[in-house]
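Structure first, then comments.
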Amino acid sequence: MQILPHWSVLIPLLFTTLDAIPRGRRAIRNRNEGDINSQSGVGRYLIQGDIAVVNTRSRRAVIRQKHKKWKLPMPYSFDRNFPRRSRQRVLEAMRFWSDKTCITFQENQYVYPHVRIFEGNGCWSFVGKQQSLREQSLSLESSCTDHTFVVAHEIAHTLGFFHEHARIDRDQYISIDYSNVNPNLTFAFAKESEKQLDHQAAPYEYGSVMHYSVDQFALNTNRPVIYARDRKYAQAMGNRMRATFQDVSRMNVLYNCHGEP
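Read in order, the letters of the sequence shown correspond to residues -20 to -1, 1 to 241 in mature numbering (1 follows the signal peptide of the UniProt record, and there is no 0).
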């Protein structure tokens, strides 16, 4: 991998309040971005639990507009106070995407827009390049960097991906028990509209690194919030141990890594 050497109205709120799983086996339930954001209280100010927005109407399952894809290498900078240990975890996550796809990253704070990685409250990012922002924030508090694929999840948002369970066709594959969802966070399970949808005609991926865990935002964590309609995938959801083949494939398609039209 080659890694070369203020935004919306939500900013004040966010700053101040703020791997394929073997199918049929239980995903190891690490504390993920949704858990961290829920505990910190920042989740209520974000779309789908960890996504910042400038314009809520611009949402996509995978972004469609070419101007929201990054011209590679994706420029980024670390805030001067961002911890060294956390930097290493970010570089590991970047290295994963670079090793598996054509995505490259360049540390360059003099290119605009660029992604500014800082230690804020919670783990959150915008989806895709925000042309209206000079510095596009990616927040990673210290606990976000405990696991490489929590960071890889946020980087995937920055590169242009929404959550797998936000697909408009998700009801064919999962059901949501809203009676067990924290009432302040029910909006986090909103689906994308048909007009907004672009899931690249790919099969639904229960084990995607972009999928919520079964008990995400649950009132009673001993009971699922998300039920897989195909029970053999019930324990695959919420994987933050590694990205799946489909995760990698979709990134390659989005950035035309194989040179196909």
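Even glycine gets a Cβ: it sits at the ideal position worked out from N, Cα and C.
- Of the residues assessed, H94 falls on the buried side of the cut-off, its CB having 16 or more other CB atoms within 10 angstroms.
- Taking one beta carbon from each stretch, the region 134 to 154 and the region 184 to 192 have 3 or more pairs nearer than 8 Å; the two touch.
- Around V91, the same chain offers P55 as residues with beta carbons nearer than 6 Å, after the five sequence neighbours per side are excluded.
- The beta-carbon distance between F129 and G14, rounded to whole angstroms, is 14 Å. This is too long to meet the 8 Å contact definition.
- Fewer than three pairs of CB atoms, one per stretch, sit closer than 8 Å, so the region 76 to 92 makes no contact with the region 19 to 37.
- Contact between the region 151 to 162 and the region 197 to 213 is established, with three or more Cβ pairs separated by less than 8 Å.
- Excluding five sequence positions before and after N164, the CB atoms of its chain that fall closer than 7 Å to its own CB belong to R24, given in chain order.
- About 18 Å separates the beta carbon of W77 from that of D30, a gap too long to meet the 8 Å contact definition.
- For I16, the three-state secondary structure derived from DSSP is helix.
- For the pair T138 and A132, the Cα-to-Cα distance works out to about 10 Å.
- Apart from sequence neighbours up to five positions away, the residues of its chain that approach I135 with a beta-carbon distance below 6 Å are A73, ordered along the chain.
- DSSP links L120 through a beta bridge to C103.
- Annotation for L26: N17, A32, W104 place their beta carbon closer than 7 Å to its own, counting only its chain and skipping 5 residues before and after.
- Going by C-alpha positions, G218 is about 8 Å away from S188.
- Burial check for S112: the Cβ neighbour count within 10 Å stays below 16, so the residue is exposed.
- By the CB criterion at 8 Å, I156 and V205 fall inside the cutoff.
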